[in-house]
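Under numbering that gives the first Met the number 0, think of the first position of the sequence shown as 0, with each following residue one higher.
All C-beta atoms, glycine included, are put in the ideal place defined by N, C-alpha and C.
Keep in mind that this is a model prediction, so the values were computed, not measured.
Here's the structure we're looking at; comments come further down.
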Amino acid sequence: MMLQKNRGTIAVLFSIAILFTFFIHPFPASACSCARPPDTLTAKNLSAAVFTGKVLQVNERTDWIGMLSFWDKPVREGFDVMFEVQSTWKGGDQQQVLIVSDGLGGACGIPFQLGQEYLVYASYGELNELETNICTRTILKADAGEDLQVLGSGTVPVPSANLNWNDSLAIVIVIVIIISGGVLFYLFWFQTKRRR
């Protein structure tokens, strides 16, 4: 009796694992390749936002929903970085701004550090989010003296509401799909076993 119960449990777990693999697809790998960044004024003109700011939050982004084989919309992995804006030259006057950076290594991401101050050059990407990477002139503010001199004095942003983000919806959807598949399989398996 115990052996049959263990077999049933193993069969359910194995079925859930198999079901899960049908929804997963691999992501292509890419390597970072940059041309030399443009000069300061050209970089400003090409960017949607140019500002100095202090990093308030860095959250790793994993778009789990993009791992589903039927999901054909663009996904973005990397880091969501929340900045407290100190001065701005282009792209708005918000006190806080969310910037997306690619993953590190071959994905051209910038390793933003909590509490550090940066001069950021950002543009709108494929998902209409402000993003930056190592191919731009984004740099630690302490090392941006030449750029800051060329840019001149910026404007101070006006107070605004704090931004918050939540990317857990995709994780919840994947978990619900897996659990639902497992329950359906178990019910099907239980019904066929009962008929025997």
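CB residue i to CB residue j, shorter than 9 Å?
i      : j      : result
Thr51  : Glu145 : no
Leu118 : Val49  : yes
Cys31  : Asn127 : no
Cys134 : Ala34  : yes
Asn47  : Lys89  : In the sequence under discussion, the amino acid at residue 47 is Ala, which differs from the Asn named in the question. In contact: Ala47 and Lys89 (Cβ atoms closer than 9 Å).
Leu139 : Gln115 : yes
What does the Cβ neighbour count give for residue i, buried or exposed, with the cut at 16 atoms within 10 Å?
i      : result
Val157 : exposed
Arg136 : buried
Asp101 : buried
Ala141 : exposed
Ile172 : exposed
Leu183 : exposed
Glu59  : exposed
Ile109 : buried
Val99  : buried
Leu129 : buried
Ser179 : exposed
Would you grab the beta carbon distance between residue i and residue j for me? Rounded to a whole angstrom, and I think it's under 8 Å.
i      : j      : result
Thr8   : Thr87  : So it is not a contact: roughly 58 Å between Cβ atoms.
Ser122 : Leu186 : Not a contact, Cβ separation roughly 50 Å.
*Where in the region 72-130 do unbroken runs of the alpha helix (DSSP H), each at least 4 residues long, occur, reported from the N-terminal end onward?*
none
Determine contact between the region 81-100 and the region 51-58, defined as no fewer than three beta-carbon pairs at a distance below 8 Å.
-> yes
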